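K.L.:
Numbering (the numbering used here), first residue to last: 184 to 306.
1. Near residue 288, which residues of its chain fall below 7 angstroms by C-beta distance, leaving aside the five closest residues on each side in sequence?
2. For the alpha helix (DSSP H) holding residue 299, just list the boundary residues, first then last.
3. In terms of DSSP beta bridges, what is residue 203 paired with?
4. Between the stretch 282-299 and the stretch 238-252, do at least 3 Cβ pairs fall closer than 8 angstroms?
5. Would you please state the rounded distance, in angstroms, between the beta carbons of residue 256 and residue 299? I believe it to be under 8 angstroms.
Below is the structure:
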């Protein structure tokens, strides 16, 4: 039997997927959701982690294209993430995060970084 339950305590409490990066494709325990695939399925957490690694790579590649490209890449990053987690004052009740909450802004930033890399690679 395969289960995504990852935490149990003496009271019988459990948590599904707490800290898990992949889930079983087939779960046979009663009441568990199964997609019926013999293999593993990436978690949302793993997908976001992979996306972040990719974004960091794009940023570094763009910055490596020269001084002008470095400035453009840094400006893109600063506009997207004006305050990094360590530099933020902390959340205030009702205040929005200092970074975009929708994926469109990140998509545009990736495209801009890709364009910098493409132009630099042609030189």
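No residue lacks a Cβ here, since even glycine has one placed at the ideal position from N, Cα and C. Keep in mind it's a predicted model, so treat the numbers as computed, not measured.
P.N.:
The answer reads as follows:
1. So the list reads 263, once near-sequence residues are dropped.
2. 286-304
3. According to DSSP, residue 203 bridges with nothing at all.
4. yes
5. 6 angstroms
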